[in-house]
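For reference, the structure discussed in these notes is given below.
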Amino acid sequence: MKTTLFIIIAMIFTGLNAQNDKARWNDLFSYNNVKLLEEVNGVIYCGTENGIFLFNSQNPTSDWIKLNKTNFLNHVGISAMAYDVASDSFLVGYENGGLDLLRSGESTMVLDIKWNGFNGDKKINHIYINEGIAFISGAFGIVSYDLKDEEFKETTRTNSMVVNDATISENVLYIATTNGIYSSTLQNKLNNPNINSWTAITSGQNISNIELFNNEIYYSEGNNLNTISGSLRSYNLIEDLKATNNELIIAQNDKISTLSGKDFSKTDEENQAINFNTGILINNIYYGGSTKNGLINLSSDNLFYKPQGPYSNKSYSVTAQKNKVWIAPGAMESFNNLMFNADGFSYFDSKNWNHFSSEKDLEGAKDIIKVAVDPTDENHFMVIPYAEVTNWGGSFIGIFEFNNSVNKPNHIKSPLPQIYRFGGGSFDGLGNFYLSQSWYCDTACMASGTPNYSALKDNVNSLAVKTKNGGWVSKQRINQNSSNALSPIIDNKYIYIPQARSGGVAVLRKDTYEVLGNIVRTGEQSLPTNNVWSTALDKNGNLWIGTDQGLAVTYGIESAVDNSNFSAEPIVIIQDGIPEALLTDVGIYAIKVDNANRKWMTTNGAGVYYVSDNGEETKLHFTTKNSPLPSDTVYDVSIDESTGKVYFATEKGVVSYNGDVSIESTNFNNAIVYPNPYRPEYKGNITIKNLPNRALVKITDVVGNLIFEKKADGGVVEWNTNNAKGKPVASGIYLVLMTNADGTETKTLKIAVVR
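Under full-length UniProt numbering, the first residue of the sequence shown carries the number 1, and numbering increases by one thereafter.
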């Protein structure tokens, strides 16, 4: 059998990837929802929402190869795939109109897209390849792309009709549209650009799929499978048609059927019917692409294939600690409305992914917005649902406490007396747990047995605290003028609670839980707004505050509160010679501080910022255009201090970035310098990391002239390859001389700079 080219490509790419920044990224995508299937020389390419995984039907136990934006692809949101045998080319189309051409050991992003000027939906619905020409369907019409010349050839605008699918028979191109089927003879192998000269085969119907099989044109309309020559039969809702190895596969929402009369249905581990997107026949084995269970061998029992990963690509918060990861997929619409997400939560235990089901494991709890992990024991964590009841007429659920066991976790309901919505929760460094609450229903509200909306206390935030020894010691009302209270931040003396809807930051005493005041907007040089989405304490005792319209800082927060100073101020930076506030008008969902006192900030539509300790220098700014981020809307960030990995929860899934800052070393045993050698094509800084905190780093030339000197805050130092006068150093070998803080240990490394 011919060796699969793309397995070779993927392996080559993995090796080459170490030379570019994508090597720092990893995906934590779900591969459960298999939307598309294509065969490439006996290997099944399984297209999911955010990537493709390869299944070798001849060797089902082989390691997974995954292609996604962190290694090979250029987008997320896969909507179409097609393989051309003659040119050994693979095309991937996306919901955003992007198109990738994969072949010859590389992935090419097709930039000259004819529908860039199209103002409607740019989603690529289908790709059909005939004699080296790819016919690309969508709301923009149908476009032909020459695989050999790598250029677009012709465009047919279809006015208001969306083209869902296409096929070719006897030199005639047939398109399935939202207004029936149209056909036209090919013109020099290309589509006729004038839609008015096409022939309407049918009209008025939304035709989802069209396929050539045994010289007959088949198409689906809702539940009905038809041919051009007449009606055939009815099925359940038809999702896909696929002609494959002398069989026509008819994928329905609850089963896979064939034109020859075979039917396949499956149930999951909870005995629920499995839903299907598509199917394929390879080597006399039928496979189905399911919505939640990956690739399924339909010819055998209980054979499910998919790479490990979270349950879904929905993510609202992420928590990482000691190489373990928790993903909460629930959300709060506008920090207010319930989303009724029933996906439970996902947990990576450092070896395997585990899914905790809403119905099976969490008593029907929905909208899991946060998993708070005890810093003193990573096996102890709290699972926080925003929707605290199965429905407003259901029983009270509360939060869930997991301790020591993840296979059969011990659910312990909190003894909170009323129905609340929980906005977040956090542990302090001693293992005490702080829970923010809002929107409660008291005895009068519940008098009839179900909540009375007119009596709902929707503007009261409060705090509950569970001590390390297990007792709940407080339920303190914060104020009556705001909601929603989010996850608290705790220092030695005070508790700081961000309030997302016009409350600023509530400040409480840690020992008595007394409310001392609120940090609110008092003028231009204060909080941008009172809608506070995030807070973080840095290593210098400053409170960083993210709002829906920018950033502010309260410097020396403990001292400020001691003196009843509840104010904050923006960070002013110079842009093109003009002073302005850092991240003006940017919504900041989350702020996390690493061991070098630098800040990671995630935003509403502007990607991720990584700034210096004082915020005056932006070290990194990740967006979907310059990084593998699947979305520029990034809800949360978590730093695993044991590894230095930084995890980002976006609206389209989770990715991680291998950062430079981890737990500080106590010696120089693991000190490294990279990139080394430093080559002309690299545009970033040289990084020296894994150092003891505050170690002194000096860089000299080989004769001992001092070029650079800095202390390693957080165990890391960066050098921009400039000398003391700010000019780039020449090509050559440079020495890195390192001494720990008390001068008892030293080490020397070498750097090669190539200009």
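We put the CB at the ideal spot given by N, CA and C, even for glycine.
From a predicted model like this one, the values you see are computed outputs, not experimental measurements.
| field | Residue(s) in a DSSP beta bridge with Y347 | value | Bridge partners of Y347: W326, N354.
| Taking the C-alpha atoms as reference points, what is the distance between K122 and T178? | 15 Å
| query | Do you know offhand how far Y128's Cα is from E270's? | reply | CA-to-CA, the gap between Y128 and E270 works out to about 38 Å.
| request: Alpha carbon to alpha carbon, how far is K322 from N484? Give it in angstroms, no decimals. | output: 31 Å
| task | To the nearest angstrom, report how far apart E49 and I78 are at their CA atoms. | result | If I take the Cα positions, the gap works out to 5 Å.
| To which residues of the same chain is S62 closer than 7 Å at the C-beta, ignoring the five residues directly before and after it? | So the list reads N56, once near-sequence residues are dropped.
| What residues in its chain sit with their C-beta under 6 Å from that of T227, if we drop five residues either side in the sequence? | So the qualifying residues of the chain are E216, Y218.
| query | Can you tell me where the alpha helix (DSSP H) with A560 in it begins and where it stops? | reply | That run of the alpha helix (DSSP H) goes 557 to 562.
| query | How close, in whole Å, do the beta carbons of G98 and A80 come, if the pair is a contact with beta carbons under 8 Å? | reply | Distance from G98 to A80 at the Cβ level is roughly 11 Å; contact not present, criterion being Cβ atoms closer than 8 Å.
| field | Sequence-distant residues of its chain with Cβ nearer than 6 Å to I195 (five each side left out) | value | Result list for I195: T156, T158, in chain order.
| task | Whole angstroms is fine: what's the gap from F433's alpha carbon to N403's? | result | 14 Å
| field | Member of D538, P488, S350, G132 whose CA lies at the smallest distance from the CA of S612 | value | D538
| said: Taking the beta strand (DSSP E) that I217 belongs to, which residues open and close that run? | reply: 216 to 221
| task | Note the first and the last residue of the continuous beta strand (DSSP E) segment covering L190. | result | L190 -> no beta strand (DSSP E), and no H or E assigned at all.
| With distances taken between CB atoms, is the gap from N720 to N685 smaller than 8 Å? | Yes, Cβ-Cβ distance for N720 and N685 is below 8 Å.
| From D660 to G615, what does the alpha carbon distance come to, in whole angstroms? | 18 Å
| task | State the Cα-Cα distance for the pair G51 and V43, rounded to the nearest angstrom. | result | If you draw a straight line from the Cα of G51 to the Cα of V43, it comes to about 16 Å.
| Counting pairs of Cβ atoms below 8 Å between the segment 552 to 560 and the segment 590 to 603, do you hit three or more? | no
| request: Just mark T185 as buried or exposed, buried being the case when its beta carbon has 16 or more other beta carbons within 10 Å. | output: Label assigned to T185: exposed.
| If we ignore side chains and look at the alpha-carbon of each, how far apart do V515 and R421 end up? | 20 Å
| request: Please state if the CB of L508 and the CB of A464 are separated by a distance shorter than 8 Å. | output: No, they are not a contact pair.
| Roughly how many whole angstroms lie between the Cα atoms of Y589 and F648? | 11 Å
| message | Give me the residue from S526, E524, N313 with the minimum Cα distance to N33. | response | N313
| Just how far apart, CA to CA, sit K413 and L527? | With a pLDDT of only 48 at K413, under 50, the local geometry of the prediction cannot be trusted, and no value is derived from it.
| Per-residue DSSP class, three states only, for I207 | Three-state result, I207: coil.
| query | Would T390 be called buried (16 or more neighbouring beta carbons within 10 Å of its own) or exposed? | reply | Note that T390 scores 46 on pLDDT, short of 50, meaning its location in the model is unreliable; the coordinates nonetheless yield the value given after this. Using a 10 angstroms sphere on the CB of T390, the tally of other CB atoms reaches 16 or more, which defines it as buried.
| How about V473 and P498: do their beta carbons lie closer than 8 Å? | Taking 8 Å as the Cβ cut-off, V473 and P498 do not qualify as a contacting pair.
| Straight-line Cα distance separating S665 from E359 | 44 Å
| task | Would you mind reading off the limits of the beta strand (DSSP E) that contains S656? | result | 653 to 658
| task | Could you spell out where the beta strand (DSSP E) holding Q252 opens and where it closes? | result | 248 to 252
| field | N68 - DSSP class collapsed to helix/strand/coil | value | In the three-state reduction of the DSSP assignment, N68 falls in the strand class, which pools E and B.
| Are the beta-carbon atoms of residue 765 and N275 separated by less than 8 Å? | Past the boundaries of the shown model lies residue 765; the chain is included only from 1 to 755, so the question cannot be answered.
| message | What would DSSP say about I195, mapped onto helix, strand or coil? | response | helix
| query | I think residue 756 touches S144, with their Cβ atoms under 8 Å apart; what is that distance to the nearest whole Å? | reply | Outside the shown range of the chain, which is 1 to 755, sits residue 756, and nothing can be said about it.
| query | Helix, strand or coil for E359 per DSSP? | reply | Three-state result, E359: helix.
| Rounded C-beta distance between A741 and A695? I'm assuming under 8 Å. | 6 Å
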